[in-house]
Structures are given as structure tokens and as C-alpha cells.
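Just so we're aligned: the sequence shown equals residues 1422 to 2066 in our numbering.
Quick reminder that beta carbons are idealized off the backbone N, C-alpha and C, glycines included.
These numbers come from a predicted model, not from an experiment.
Data block below; observations after.
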Amino acid sequence: MTTYPPSDDFVKRAHVQGLEAYRALYEQAKADPEKFWSELAQKELSWFKPFTKGLEWNPPFAKWFTGGKINASYNCLDRHVAAGRSAKTAIVFEGEPGDQRIISYQELHRLVCRFASVIKQLGYKAGDRAIIYMPMIPELPIALLACARLGITHSVVFGGFSAEALKARAQDLDATLVITADGGWRRGKEVALKGAVDESLEECPNVRNVVVYKRTGSDIPMTAGRDLWWHELDQKLNAQEAENCPAEELDPEHPLFVLYTSGTTGKPKGILHTTGGYLLQATMTMKWVFDLSPEDVYWCTADIGWVTGHSYIVYGPLSAGATSVLYEGSPDFPAFDRFWDIIERHKVSIFYTSPTAIRALIRQGDDWPNKHDLSSLRLLGSVGEPINPAAWQWFYKVIGKERCPIVDTWWQTETGAIMISPMPGAVPAKPGSATLPLPGIIVEVVDTKGIEVGNNREGYLIIKQPWPSMVRTVWGDPKRFEEQYWSRVPGSYFTGDAARRDDDGYYWVLGRVDDVMNVSGHRLSTMEIESALVHHPAVAEAAVVGKPHEISGQAVCAFVTLKKGEWDHKALQQELRQFVGHEIGPFARPEEIRFTDALPKTRSGKIIRRLLREIVTSKGAPVGDITTLEDMTVLASLSSQHDDD
Ligand code: WT7
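The following block contains the structure:
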């Protein structure tokens, strides 16, 4: 197989140069991980008080950098200002309508201090929890950093989630503050946010305030006493106090944020990340993987509502002192060259996006990128799912002009930072492989018993050693944390992914082994969509599987049995799609709904999803919208009794 080594020019200026240098660093980390991470933590982060112990490991619970005091907001802002980098651009913002803001580190520091003062004066303090539900505008990272400054644990809810999903998260977290906006812009239309907040808060009595940023200027209801305009609170600040809002000195294990992610049951899990370890790995991977240098203009196209945006738009780039692009809207608005246009105008040098976005843009033809000068690019990145070789080749040739290495970065919400990826100046790429684990990350491929399968054999991907940015627990449910991640292979972290390692030690991640789907790089649980569907009065039972999809990787396909009655199937399909949109969010709507008389089950009554997957995958799949009872019975008997499916 062809490998793609970096050019000599790229290697010359890289942080880690050549495979030997990577191996040396990897071996050094492996020999004494605690020492390795401790030295980096001392060197790469600013501490109010030095830590005394690197790692306390009581499997599966880890504490990193005990005894120290630190603040993530301080590390992302104050230390750069103090080091003479105040004039450097922190954020290049482009709104979808075309509005722009260039925000220096000094200005970002000022804005974060002001907003932290605002919420402090409302009485919020370290240990409180805030839900953030905002469009991709500078006030989103500002809100995160203001919370982090005070030690308020934030939980960003992606704007595509519905009021129901928002409510579930606010309740699980017992949040007392919500930060939102009237709306944001997407494909030229306003995406309203405040309405969903109002609806969700009907059942969240502990939320005392909703702070609302005015983005679109549309008319929205404000609840007296509870809802407050961001700009009005800001204007009321006492001039002297406002910008002097010192960062709280926090324990490195202080909860920085909780992000809800889909698991194998209907209820999303609150993945908890803490301060010191998370920040360290977010920072290090900016250097190792994105090879960041002071003159780079870096752009990650993810939404801050997902972990990629937390680690690679907010905490990683800002802690590393990068200039980072923030774009509010859609890649196809007003035309299919919005990404290429932004890259050209802002001279982006590092561009990090998803295979889904790449595939969607390939479809529009090469004329769109070819109209633009993309010569500022020097490194490309991919995340969210395995990148198929055709998409890789297009990205490499048409966008990178065969000059730019591609880093295929494997990681998860739970890992906090990139785990497997080439260091671009050191590790030659193979299209479709995330290549080699980063220093300090010990991975393995094992069978159901936890025994290593060796090279070239498929198995479960596990991580054998704790790492600083690892998930600390499932919020409010340590038992689920243990069972979900640490019980399959005792002592090791179970990723839920299948993988294979080749003879060069390269990892090929093959996809999920559990009931988690990956739709456009978003994680969706089959069970979560099923439980949404069965809430509908017409639905008796539902089973959801992922169906291969050319652009989004997978698409949601639902098999539904109906309660007795006369149903208009066409109308009901529409209604159920809307219904899932309401229960979870528009992005979770099934692309396909098939009505069936029965679902294939094991003797003990478990739905055999594997069979349904076969139906949606096979070319000779049943046509029409009705899959009959006979089909299901035949299929079920064919499968005999796979209770473990
Ligand atoms: C799952 C994690 C943190 C990244 C954004 C998604 C899949 C992610 C890759 C990749 C193959 C990948 C895995 C993983 N995945 N990146 N480069 N190659 N698979 O975070 O929502 O927590 O999803 O995304 O299946 O387990 P997430």
C-alpha cells in the first residue's frame, strides 16, 4: 500500500521530525508515563501552585496532578497576555451573513472577564452548573471561558438538540444557570434557540436565570425575574470591577465540563472532564498533531456543541496561543465554496474537518475549490469516522495539492483529546488509517476475553493505561462509568470501537461494536431513537439501525410496528420523523421508516438488530415500506438464537 510521507519542507519545521523521533518520544512516555506527563504539565501549563503527585490511580478512577492549583481560563488567556502576546489574534470570527470580528488575546481576556463578572454578580460560583445553548459566535467560547474562570461547570448543548433533550440535560446536571441567545444563522435562516429554552425550563425549577445574548434581534419573550439580556447586564457593570475578575485557583480535578453523549441505552451519559489533565492533553495535541507554530491560522469546522469544538476550537487552540477561525454557519451557504472562500480570505494554514463534510463537498465538483487560492494551507485534518480512501485522495489532491499531510485523528468524547493520529512531520500516512498512538497512549486490539489478537486481526480497541484527559466518571452515575468502560476488559478502557493493527503497527479503526451509530460524525444511540419512537401513540415497537450512506456515513433507519388501527403510512412516516426531531433534535430524524408486522427477536425477546442491519445493507433488500411478518419470522429462525447480538 502506498504511504504518504511528509515533504522535507514540512519535516524541517515540524515539532517532531521523522519516525525515529516519534518512536523515541513514544518509548520515553511508555517507560514512565507518570513522569512523562508530569514534566509536560509543569512545562506546558501555568500553575498557581505546583502539584505534588502526578497520578493517583484507583481503577477506574484517576486523579492527575494532585496538590496543584490551576485555572483553564487563565491558561487560555492571562498567561498569553502576560507573555506579551496580547495583540495576537485569538479568534477570527465570521458570521454566516458575512459579519466579521477579529478578537485579540487582550480583547478576549477583557470580554471573558466582563462576562465572568456578570455571572459572578448574579451569585454564581465555583461548583455551580451552567447549561450553554448558543450559536457559533464568539460569545460561545466567551461563555465557556467565563464559567471556567469562576469554576462553574459548563455543559454545552448542541443547538440542533430539541427542548426535550435540553430539559433532560439540565435536569440530570441540576443546572441553575442557562446561557443562550435569541437565535443564530444557518443557511440564511434564523435558528431560534430561546423558545426551546423556555419550553425546557417548564420542568427545571432550579434554573434561576437565563442570560440571553442578542444575535439575530428577533422578538423573543423574556420571563421577568428569570431572563436577562447579556448586553444590559454588561452595561450595568461597575467600570472598575468589570475587567478585574481574577481566575479562581482550582483543584486540577475540578469539573471543567460535562458533555452528554449517546451510549447504548436510551439515556445519554454525562461525560465528565476535569481541569488539569484535560487541558494538558488538549494543549499537547495542538503541537503534536496540528504541529502548531506561532504564525499558523488554524480552523476546525466542528460545532462547539460537540467535544471536537471543546478541545479543538476552545481549550486546545487558546491554551496553545493559536489564531483560530470561528465560523457560524453552513458550508454550503451562500454557495458551495464557503469553506474554500474562508480559507483563502483568512489564509488558513491548518484545516480540520470531517469526512462527511468532505464527501458532501466532493459531490459539488472541483470547480468550487479550484476557484480559490488555497496555497496558505500546510496541514489537513479529519475526524469523526474513518475517512474512506476516495475522500482522502480528494482532500489530499484537490484541497492540499499533494503538499499537505493529512492527520486522521481517532478519539472520542470520553478520551477528551486525540489518541491515535500521525504526528505529521514524523509518521507517513496511509489513507484510511489513523496510524500510530500518540506518546503516553497505550492501545491494544483484543478479543471478547480481553486477549490480544495480534496483527492483522479484527478485535476490540482498548486503552491500557490511564491518560490525563480521560473521562473521570459519568455524571451522577459512577456505576455506569465502571460497567460501560471498565468491565469488559478489567483494568482497561473499552472504546466501543473495532480495530485492526497492521504489520507496521498502524491502527485501522473499523467502527462501533455497540448500538451507537455515527451519522455525519454525530454519535446517535439506536436505543435513544427507539425510546423516542415508542413515545408516539401509534407505535407499538421500534428498532433502529444504521444504514450505510454515501455522504453521512450512516443514516438512521427505523423499523416500526404499529398499534391496532387504520394508519396512513405516508403521513405517519412524516409525523414520526417530526416526532423524533421534537424528542431529540432534527439531526436524529430517521431517514427511512419501514412499517412491519413484527420484529425479529431471540427466544428471550431481544431484538436481533444484526438481521435488520442485513436487510438495510443488502442489495436485495425487501422493497416497499412494509416488511412482512413472514420475512421477520424467516429471518429470526435463520439466525437461530443469538442472544448476545
Ligand atoms: C466515535 C466517537 C472525538 C471525535 C468526534 C466524535 C468514531 C471518531 C474517528 C477516526 C475512525 C472515528 C469512533 C469513535 N471516530 N474519529 N478518525 N477514525 N473512527 O466523537 O461523538 O464521541 O464519537 O467516533 O467510532 O468511537 P464522539
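Could you check how far apart the C-beta atoms of Gln1975 and Asn1939 are, in whole angstroms? I think they sit under 8 Å. The residue you call residue 1975 lines up with position 554 of the sequence shown. The residue you call residue 1939 lines up with position 518 of the sequence shown. Gln1975 to Asn1939, Cβ: 6 Å. Contact.
Would you call the segment 1525-1538 and the segment 1654-1668 in contact, with 3 or more CB pairs under 8 Å? yes
Can you name the residues that DSSP bridges to Val1848? As a first step, residue 1848 is located in the sequence shown; it is residue number 427 there, counting from the start. Val1848 is not bridged to any residue.
Could you give the residue range of the alpha helix (DSSP H) that holds Ser1745? Walking along the sequence shown from the start, residue 1745 turns up at place 324. Counting along the chain, Ser1745 falls outside any alpha helix (DSSP H), though it belongs to the beta strand (DSSP E) covering Thr1744 to Tyr1748.
Terminal residues of the beta strand (DSSP E) in which Thr1947 lies: By 1-based counting over the sequence shown, the position of residue 1947 is 526. It is not in any beta strand (DSSP E) - Thr1947 instead sits in the alpha helix (DSSP H) that spans Thr1947 to Val1955.
Give me whichever residues DSSP pairs with Asn1630 in a beta bridge. Within the sequence shown, numbered from 1, the residue matching residue 1630 stands at position 209. Leu1598.
Quick check: Leu1857 and Val1828, are their CB atoms within less than 8 Å of each other? For the purposes of this step, residue 1857 is taken as the residue at position 436 of the sequence shown. For the purposes of this step, residue 1828 is taken as the residue at position 407 of the sequence shown. Cβ distance not < 8 Å, so Leu1857 and Val1828 don't count as in contact.
Comparing C-alpha positions only, which one of Tyr1733, Thr1834, Pro1426 and Leu1795 sits nearest to Ile1763? Counted from its first residue, the sequence shown places residue 1763 at position 342. When each option's Cα is compared against that of Ile1763, the closest is Leu1795.
According to DSSP, which residues form a beta bridge with Ala1483? Here the question's residue 1483 lines up with position 62 in the sequence shown. Paired residues: Trp1478.
For Ala1963 versus Glu1951, is the C-beta distance shorter than 8 Å? Taking the first residue of the sequence shown as position 1, residue 1963 is located at position 542. Taking the first residue of the sequence shown as position 1, residue 1951 is located at position 530. Closer than 8 Å, so yes.
Can you name, in chain order, every residue of its own chain whose Cβ lies under 6 Å from the Cβ of Val1728, other than the five neighbours on each side? Indexing the sequence shown from 1 puts residue 1728 at position 307. Here the set comprises Leu1680 and Thr1834.
Counting along the chain, where does the alpha helix (DSSP H) carrying Asp1429 start and finish? Translated into positions along the sequence shown, residue 1429 becomes position 8. Where Asp1429 is concerned, the enclosing alpha helix (DSSP H) stretches over Asp1429 to Lys1433.
On the DSSP bridge assignment, give the partners of Thr1682 in chain order. Walking along the sequence shown from the start, residue 1682 turns up at place 261. Answer is Lys1690, bridged to Thr1682.
Compute the minimum distance between the beta carbon of Val1806 and the heavy atoms of the ligand WT7, and state whether it is under 7 Å. Residue mapping note: residue 1806 aligns to position 385 of the sequence shown, counting from 1. Note on identity: in this sequence residue 1806 is Glu, with Val being the wrong assignment. True, at least one ligand heavy atom lies under 7 Å from that Cβ.
Report the rounded CA-to-CA distance for Pro1562 versus Ile1600, giving the unit in angstroms. For the purposes of this step, residue 1562 is taken as residue 141 along the sequence shown, with counting starting at 1. For the purposes of this step, residue 1600 is taken as residue 179 along the sequence shown, with counting starting at 1. Straight-line Cα distance between these residues: approximately 12 Å.
What residues in its chain sit with their C-beta under 7 Å from that of Gly2045, if we drop five residues either side in the sequence? Along the sequence shown, read from residue 1 onward, the residue named residue 2045 stands at position 624. Caution is warranted here: a pLDDT of 44 is assigned to Gly2045, below 50, making its placement in the model unreliable, and no coordinate value can be reported.
Alpha carbon to alpha carbon, what distance is there between Glu1996 and Asp1989? For the purposes of this step, residue 1989 is taken as residue 568 along the sequence shown, with counting starting at 1. For the purposes of this step, residue 1996 is taken as residue 575 along the sequence shown, with counting starting at 1. Straight-line Cα distance between these residues: approximately 10 Å.
DSSP three-state assignment for Trp1831, whether helix, strand or coil: Stepping through the sequence shown from its first residue, residue 1831 is reached at position 410. DSSP places Trp1831 in strand when its eight states are reduced to three.
With distances taken between CB atoms, is the gap from Ala1741 to Thr1696 smaller than 8 Å? Locating residue 1741 in the sequence shown gives position 320, where the first residue counts as 1. Locating residue 1696 in the sequence shown gives position 275, where the first residue counts as 1. No, these two residues do not count as a Cβ contact at 8 Å.
By the three-class DSSP mapping on this structure, what secondary structure does Thr1706 have? Counting from one through the sequence shown, the residue named residue 1706 turns up at place 285. It is helical.
Would DSSP call Asp2046 helix, strand or coil? One-based indexing of the sequence shown puts residue 2046 at position 625. Residue confidence is low: Asp2046 scores 45 on pLDDT, short of 50, so the model does not pin down where it sits. Its coordinate-derived value is still stated next. Here Asp2046 sits in coil by DSSP.
Can you list the alpha helix (DSSP H) stretches of 4 or more residues lying completely in the segment 1876-1919, in chain order? 1899-1902
Given this structure, state the Cα-to-Cα distance separating Asp2018 from Leu1983, to the nearest angstrom. Along the sequence shown, read from residue 1 onward, the residue named residue 2018 stands at position 597. Along the sequence shown, read from residue 1 onward, the residue named residue 1983 stands at position 562. One C-alpha to the other measures close to 8 Å.
Quick check on the DSSP output: the alpha helix (DSSP H) that includes Asp1788 runs from which residue to which? Here residue 1788 refers to the residue found at position 367 when the sequence shown is read from its first residue. First-last of the alpha helix (DSSP H) with Asp1788: Asp1788 to Asn1791.
When every heavy atom of the ligand WT7 is checked, does at least one fall within less than 7 Å of the C-beta of Asn1939? Translated into positions along the sequence shown, residue 1939 becomes position 518. Asn1939 Cβ: within cutoff of the ligand WT7.
My assumption, with CB atoms under 8 Å, is that Thr1947 sits in contact with Arg2030. Please give the rounded CB distance. By 1-based counting over the sequence shown, the position of residue 1947 is 526. By 1-based counting over the sequence shown, the position of residue 2030 is 609. At roughly 7 Å, the Cβ-Cβ gap stays under 8 Å, so Thr1947 and Arg2030 are in contact.
I need the DSSP call for Ala1511, collapsed to helix, strand or coil. Residue numbering aside, residue 1511 sits at position 90 when the sequence shown is read from its first letter. If DSSP states are grouped into helix, strand and coil, Ala1511 belongs with the strands.
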